[in-house]
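In the UniProt record's numbering, the protein residues as written are 1 to 252.
Just so it is clear, CB atoms sit at the ideal spot from N, CA and C, and this is done for glycine as well.
Presented below is the structure to which this report refers.
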Amino acid sequence: MKGRIHSIETFGTVDGPGIRFVLFMQGCALQCGYCHNPDTWDTCGGRTVTVDEILAEMEPYLPYYRKSGGGITVTGGEPTLQAAFVADLFKACKERFGVNTALDSSGFCEVGHEHVRELFEETDLVLLDLKMMDRDKHIALTSQPNDKILRTARWLSDHGRPMWIRRVLVPGMTDAEDELERLGSFLAGLATVEKFELLPYHKLGTYKWDLLHREYPLKDARTPTEEEVARAYELIERARSQNVSQPTCQSL
1 MKGRIHSIET
11 FGTVDGPGIR
21 FVLFMQGCAL
31 QCGYCHNPDT
41 WDTCGGRTVT
51 VDEILAEMEP
61 YLPYYRKSGG
71 GITVTGGEPT
81 LQAAFVADLF
91 KACKERFGVN
101 TALDSSGFCE
111 VGHEHVRELF
121 EETDLVLLDL
131 KMMDRDKHIA
141 LTSQPNDKIL
151 RTARWLSDHG
161 RPMWIRRVLV
171 PGMTDAEDEL
181 ERLGSFLAGL
191 ATVEKFELLP
201 YHKLGTYKWD
211 LLHREYPLKD
221 ARTPTEEEVA
231 RAYELIERAR
241 SQNVSQPTCQ
251 SL
């Protein structure tokens, strides 16, 4: 079996615990307005690889991954579009290297699909990005509704799959009080959230939009201040704690 990938990072430190081998898959069904990898959207782009080729790329760095408690993170694009390949890769990583496996996903997938469920079974940690709780605003931001994403989050919780939940914080777009309170309330209903993280919006990937001759839709957006990030955490945590009695969210 072959997969279509965009690129590889051998020393990732922000996509799961420890030092990680980060594999960027090619293809995505969403078109997020703040995406810093729009060059991964095209399902026909990138290059094809086999599982053995990826394992060969990983092997020289295994001491770093093992000593740090790290492993492999597959991101994108959207890795669940190639669920069968990623499941085979994760299974091989566990059998041959014994490392942690993490999936960085939007959750925009069919959790009832056999290959998707096989992938989640081989995944030790899911990094799930809950972009917007409001359905219409989610469509405006990503071009797709969030129904599948919310179903995925609930399924992962119901089946005991550990999650780190993320939200990109864009002032004036994803940080409205009611939106953050809805996010906190939703988190309260998820039993397996180990960490929660707000990712401050940035424009580091805008040059890729220029290279692709695409108009960047958030050109007037700005990075949130520390005070705005702290306010967002407070609103989310307050709503979460009001809806369930359990350990509080932690930022990474």
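- Within the same chain, ARG167, LEU169, VAL229, ALA232 come within 6 Å of LEU198 by CB-CB distance, once the 5 residues on both sides are set aside.
- Beta-carbon to beta-carbon, ALA87 and GLU118 are separated by about 5 Å, close enough to satisfy the 8 Å threshold.
- Spanning the alpha carbons of TYR61 and GLU53 requires a straight line of approximately 14 Å.
- Burial state of GLY71 is buried, judged by a 10 Å Cβ sphere holding 16 or more other Cβ atoms.
- Between LEU180 and MET163, the C-beta gap is not smaller than 8 Å, which leaves the two residues out of contact.
- Residue range 177–188 is occupied by the alpha helix (DSSP H) that includes PHE186, with no beta strand (DSSP E) assigned at that position.
- Boundaries of the alpha helix (DSSP H) harbouring ASN243: 226–243, taken from the DSSP string.
- Fewer than three Cβ pairs drawn from the segment 89–100 and the segment 126–137 lie within less than 8 Å of each other, which leaves the two stretches out of contact.
- Counting along the chain, the unbroken beta strand (DSSP E) around PHE21 starts and ends at 20–25.
- CA-CA distance, ALA29 to THR75, rounds to 14 Å.
- Here DSSP, grouped into helix, strand and coil, assigns HIS213 to coil.
- Between the C-alpha atoms of ASP220 and HIS213 there is a straight-line separation of about 18 Å.
- Using a Cβ distance threshold of 8 Å, ALA188 and ARG240 count as a contacting pair.
- The beta carbon of ASN243 lies closer than 6 Å to those of SER185, ALA188 in the same chain, with the five residues before and after it left out.
- Contact annotation: HIS138 and ASN146 have beta-carbon atoms nearer than 8 Å.
- In this structure, LYS208 places its C-beta atom within 8 Å of the C-beta atom of PRO38.
- Relative to HIS6, the option among GLY77, SER68, TYR34 whose CA is nearest is GLY77.
- Across the set GLY33, ASP15, GLU237, GLU9, the C-alpha of GLU9 shows the shortest separation from the C-alpha of LEU23.
- In this structure, the straight-line span from the alpha carbon of LEU235 to that of ARG182 is close to 10 Å.
- Here VAL116 is buried. Its C-beta has 16 or more other C-beta atoms within 10 Å.
- A straight-line Cα-Cα distance of about 11 Å links VAL49 and MET25.
- One alpha carbon belongs to THR43, the other to GLU215, and they sit about 20 Å apart.
- Under the DSSP definition of a beta bridge, ILE165 partners with LEU128, PHE196.
- Burial state of LEU141 is buried, judged by a 10 Å Cβ sphere holding 16 or more other Cβ atoms.
- If you look at PHE120, you'll find it isn't in any beta strand (DSSP E); it sits in the alpha helix (DSSP H) that goes 114–121.
- By the C-beta density criterion, LYS67 is exposed, having fewer than 16 other C-beta atoms within 10 angstroms.
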